[in-house]
Structures are given as C-alpha cells and as structure tokens.
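Peer 1:
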Amino acid sequence: MKIKNLIIWAWISWIVIAQRLAEKWEEVLIIEKRNHIWWNCYDYFDKNWILIHKYWPHIFHTDIEEVWHYLNKFTEFTNFQHKVLASVDSNLIPVPFNFNSIQKTFPKELAKNIESSLLKFYEYWSKVSITELREKAKKEENKDLKFIADYIYEKVFKNYTVKQWWISANDINDNILKRVPVVMSKDNRYFPNNKYQWMPVNWYTNMMNEMISSKLIKVILNADYKDLIKEIKFDKMFFTGPIDEYFEYKYGKLDYRKTLYKLEEYDKNSFQENIVINYPNDYEYTRITEFKKFYPNSPTFWINKTVICKELPWVWNIDAYPVETSNNLEILEMYQKDASKLDNICFLWRLANYKYMDMDKTIKNALDIKL
Ligand code: UDP
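Numbered per this note's numbering, the sequence shown spans residues 420 to 790.
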C-alpha cells in the first residue's frame, strides 16, 4: 500500500495534523491500536445518557488565542470554570489553596493573621508556587509565613505528589507543582491563569469527528502499526507513540506515570458535593470525578444514577505521563538525536516529545508543524 501521510496512534495532535493535511487535499492514513479513535480524550454517552470521559476527565483551558480560534471552527463551547475541593482532615477545602481555603481551615482570628502575613509579602491576586512560598518563608525567617507554607506543603502537596509520582515533592520538577499555585485571593478556579475555560457543547468525540470528517482521511482501528508498517510505503510519518518504543528501547526504557481510571456507577442522584474532589492524604486514589456535574444543564443531571471515576496511580499499564527526571531526560536526549536524523518522520505529542503537556499545548504543537 502507498500513502502520502501516515499517522501512528494518539489523540488530538494527530487529529489536528490529519485535518490540516486534508485541508491541503492530501491523503492521510491513521493506524490506531485501540477499538476507537481519539485516544484518551474519547468520551461517550452511557446507557443512562450520562457523558463519560472513558479514560480521565478532560477539561479544556488555554491562553493560546490561536488554539482557541482553531477549535471554534469545529464546535461550540460552553463556559465552564473548573473548581476542585480537597479532602484535608475531613474538611473539604478549595484547591488551589487560597484565602477561602484558609478561612475554611483555621479559626477566624488565625485566618485573618495568616492572610495579612501573606499580603505583607505578596500582592492580592498574585499566585506563587508552593516551592517559592516555602523558600520565601525560609529567607524572610517569618513565623507566620513558615507556618502556612509548611501547612500547605504537608497537607496538600507532599503526600499527593508521592502517591501520584513516587517522587518527593521536594525533588519533582517544579513545573509540575507550579500547575497548582497558592493563590492570594478568593479565586477558587483550578486554572486561575487561563482566559478560556470551556467544554465542547456536545462532546469531545463529536468535536474530533468534525475535525476528521474529510473523505481523504482513512482510519484503521484495532491494529498495531508494527504489524502493518512493512507493507506501507509513505512519504511522511507522524509518530505520536512513546519515542523509546519507536526505537525499540535501544537506549533503555523511559518511565511513564501510569494510572488506573476506575469507573463506578451508583443508584443515586449525586455522589459527592463537587465535580472533582482530591484526596491528598487518605485512600489509595488521588481524586474522584463525578461526570454528570460537568454538564449541569443536561436532562440526565436529575436522574438517580451517577458515574464517578477514581484515579488510582501506578496501577494501569498504559503510559500516560512522562516522568521528567534527569536520568529519563538523558535517555530522551539520545532518542531525540536519532529522531532528528529521520527526515520523513515527525515525532509529536506528550509521549513522543516526552513532555507533560496539556491539551492546548499539544494542539499548538501540531499547529506549529510545517506541513
Ligand atoms: N498536586 C498536589 N495536590 C493536589 C493537586 C495537585 O500535590 O491536590 C500536585 C501533584 O504533584 C500533581 C501536580 O500538583 O501532579 C499537578 O496537578 P494537576 O492537577 O495539574 O495534574 P495531575 O498530575 O494531578 O494530573
């Protein structure tokens, strides 16, 4: 078989590439190893018409105008401000930790003192990483600052991070912790930095169906590219699987964070009081999402059925997130050197690039590729 463009499994980045190629009237063949397309972004309606994100909750948020305008060609969005609560000492407090969290945790007077101590060092509305806050407390030798920095670190970050990554929060790449800042205001939003926080009006799968609706795009499901690749002649290949797998692990295996996303159905209207509740310190899971709460205007919101997703780290065998330790990055460099020598193969997405990237960054990544 001869094809101009071959795309090897993954999710939204290859859909963007396929859409752009078809727009240029080029043929595309996609080989997907699962029995459905859209990879981990796949969502579907269950028997009760509750919209389920099959693998884990995907919430679209971005500051990148180009990405926002690009996606708006394929779907309408509904405004959605994601908020998370964390279960800390049997209390549900907002995360990112902010002034509301302080007020829910401490007696009134103490809460007031903590807030004014923080405001001596930071402006209202500012956001700082937990690492920066701890360093500041140390440098300034300020008792109140140290108290709150230690509290947030111990109760929110320390155990969650070890559960999630098996790496101490002291040693993990700070960019990961920065994703969830400490917020010097009463802003409870999980993504306080992002201008656009929306969910597709219909569902992700529908949006992506739109993106690859061209007849020039063909998809083969349930197929391992390794079984087919010898039979296919291509001009250009877009590889979005793990880069170490592509090179048959010749420099060793890279580590990926694995997570089991366990769905459970309950015969009740509501399981928990918020769409997502994090469990930094108790239980083996890190968080629980209740899907129907993404779409409170849906007719199924009121039925006596609900589905939740428990995230159990290190159980599943599908590689989800790169673990950017120095050892892994050294191995990665060797693979990337080899990859740069392959003119007709382009490596894309979180696994092939070995970077912890959100949906919007992977789309930007795919929009930036010169076709
Ligand atoms: N994190 C934490 N406690 C929380 C939420 C997040 O310690 O309640 C840390 C943890 O290291 C996590 C990182 O912040 O990996 C980024 O969190 P995010 O929700 O962005 O992604 P996750 O890695 O949890 O999927």
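Using N, Cα and C, we set each Cβ at its ideal position, and we do this for glycine too. All values derive from a computational prediction rather than experimental measurement.
According to the neighbour-count rule (16 or more other Cβ atoms, all chains shown, within 10 Å of its Cβ), is Trp585 buried or exposed?
Peer 2: If you number the sequence shown from 1, residue 585 lands on position 166. Its Cβ having fewer than 16 others within 10 Å, Trp585 is exposed.
Peer 1: From the DSSP output, in three-state form, read off Gln583 for me.
Peer 2: Counting from one through the sequence shown, the residue named residue 583 turns up at place 164. Judged by DSSP in its simplified three-state form, Gln583 adopts helix.
Peer 1: Can you list the alpha helix (DSSP H) stretches of 4 or more residues lying completely in the segment 668-745, in chain order?
Peer 2: none
Peer 1: If you reduce the DSSP assignment to three classes, tell me which class Val575 lands in.
Peer 2: The residue you call residue 575 lines up with position 156 of the sequence shown. Note: Val575 maps to helix in three-state DSSP.
Peer 1: Please list the segments of the beta strand (DSSP E) lying wholly inside the segment 520-579, counting only runs of 3 or more residues, in order along the chain.
Peer 2: none
Peer 1: Looking at Pro791 and the ligand UDP, is the gap between the Cβ and the nearest heavy atom below 6 angstroms?
Peer 2: Shown here, the chain extends from 420 to 790; a query on residue 791 therefore has no answer.
Peer 1: Kindly identify the DSSP beta-bridge partner or partners of Pro513.
Peer 2: Reading the sequence shown from its first residue, position 94 is the one you call residue 513. Answer is Leu504.
Peer 1: If you draw a straight line from the C-alpha of Asn723 to the C-alpha of Trp617, how long is it?
Peer 2: Residue 723 sits at position 304 when you count from the first residue of the sequence shown. Residue 617 sits at position 198 when you count from the first residue of the sequence shown. Roughly 26 angstroms between the two C-alpha positions.
Peer 1: For Leu647, which residues of its own chain have a beta-carbon under 7 angstroms away from its beta-carbon, when the five flanking residues on both sides are left out?
Peer 2: On the sequence shown, residue 647 is found 228 positions in, with the first residue counted as 1. Here the set comprises Ile450.
Peer 1: Among all residues, which have a Cβ less than 6 angstroms from at least one non-hydrogen atom of the ligand UDP, and in what chain order do they fall?
Peer 2: Ala505, Val514, Val575, Phe576, Tyr579, Thr580, Gln583, Ile595, Leu596, Arg598, Val599, Asn697, Pro699
Peer 1: In terms of residue numbering, what span does the alpha helix (DSSP H) encompassing Lys645 cover?
Peer 2: In the sequence shown, residue 645 corresponds to position 226, counting from 1. Run containing Lys645: 644-647, per the alpha helix (DSSP H) assignment.
Peer 1: According to DSSP, which residues form a beta bridge with Lys421?
Peer 2: In the sequence shown, the residue the question calls residue 421 occupies position 2. Its beta-bridge partners are Lys652.
Peer 1: Quick one: using the 10 Å Cβ neighbour count with 16 as the cut-off for buried, is Ser509 buried or exposed?
Peer 2: By 1-based counting over the sequence shown, the position of residue 509 is 90. Burial call: exposed.
Peer 1: Can you tell me which of the three DSSP states Phe496 falls into?
Peer 2: For the purposes of this step, residue 496 is taken as residue 77 along the sequence shown, with counting starting at 1. Phe496: strand per DSSP, three-state reduction.
Peer 1: Please report how far the alpha carbon of Asp563 lies from the alpha carbon of Lys539, in whole angstroms.
Peer 2: Translated into positions along the sequence shown, residue 563 becomes position 144. Translated into positions along the sequence shown, residue 539 becomes position 120. Whole-angstrom Cα-Cα distance: 11 angstroms.
Peer 1: Between Phe683 and the rest of its own chain, which residues show a CB-CB distance below 6 angstroms, the 5 nearest in sequence each way excluded?
Peer 2: Locating residue 683 in the sequence shown gives position 264, counting from the first residue. Residue 683 is actually Glu in this sequence, not Phe. Ile727, listed in sequence order.
Peer 1: For Trp433, does the three-state DSSP call read helix, strand or coil?
Peer 2: The residue you call residue 433 lines up with position 14 of the sequence shown. Look at Trp433 here: in three-state DSSP terms it is helix.
Peer 1: In three-state terms, what does DSSP make of Arg439?
Peer 2: Mapped onto the sequence shown, residue 439 falls at position 20. Note: Arg439 maps to helix in three-state DSSP.
Peer 1: Could you check whether Glu730 and Tyr754 sit closer than 7 angstroms to each other, using their CB atoms as the reference points?
Peer 2: The sequence position of residue 754 within the sequence shown is 335, counting from 1. The sequence position of residue 730 within the sequence shown is 311, counting from 1. Not closer than 7 angstroms, so no.
Peer 1: Please confirm whether His480 and Asn594 have their CB atoms less than 7 angstroms apart.
Peer 2: Position 61 of the sequence shown, counted from the first residue, corresponds to residue 480. Position 175 of the sequence shown, counted from the first residue, corresponds to residue 594. Going by C-beta atoms, His480 is not nearer than 7 angstroms to Asn594.
Peer 1: Evaluate the contact criterion for the segment 702-721 versus the segment 465-478: three or more CB pairs, one atom per stretch, below 8 angstroms.
Peer 2: Yes, the segment 702-721 is in contact with the segment 465-478.
Peer 1: Hey, Pro600 and Ser520: beta-carbon distance below 7 angstroms or not?
Peer 2: By 1-based counting over the sequence shown, the position of residue 600 is 181. By 1-based counting over the sequence shown, the position of residue 520 is 101. No.
Peer 1: Who does Arg608 pair with in a DSSP beta bridge?
Peer 2: Mapped onto the sequence shown, residue 608 falls at position 189. Arg608 is bridged by DSSP to Lys502.
Peer 1: Mapping the DSSP letters down to three states, classify Leu470 as helix, strand or coil.
Peer 2: Numbered from 1 along the sequence shown, position 51 holds the residue referred to as residue 470. Judged by DSSP in its simplified three-state form, Leu470 adopts strand.
Peer 1: With 16 as the cutoff for other CB atoms within 10 Å, does Phe713 come out buried or exposed?
Peer 2: For the purposes of this step, residue 713 is taken as residue 294 along the sequence shown, with counting starting at 1. It is buried - the Cβ of Phe713 has at least 16 other Cβ atoms within 10 Å.
Peer 1: Assuming Val620 contacts Glu495 (C-beta within less than 8 angstroms), just tell me the rounded distance between them.
Peer 2: Residue numbering aside, residue 620 sits at position 201 when the sequence shown is read from its first letter. Residue numbering aside, residue 495 sits at position 76 when the sequence shown is read from its first letter. That belief holds up - the Cβ atoms of Val620 and Glu495 are roughly 4 angstroms apart, short of 8 angstroms.
Peer 1: I'd like to check one pair, Phe658 with Ile427: are the Cβ atoms closer than 7 angstroms?
Peer 2: As a first step, residue 427 is located in the sequence shown; it is residue number 8 there, counting from the start. As a first step, residue 658 is located in the sequence shown; it is residue number 239 there, counting from the start. Yes.
Peer 1: Need the endpoints of the beta strand (DSSP E) that Lys783 sits in, please.
Peer 2: To locate residue 783, count along the sequence shown from 1; it is residue 364. Unbroken run through Lys783 is the alpha helix (DSSP H), 778-787; no beta strand (DSSP E).
Peer 1: Cβ of Asn454 within 7 angstroms of Cβ of Tyr474?
Peer 2: On the sequence shown, residue 454 is found 35 positions in, with the first residue counted as 1. On the sequence shown, residue 474 is found 55 positions in, with the first residue counted as 1. Contact: no.
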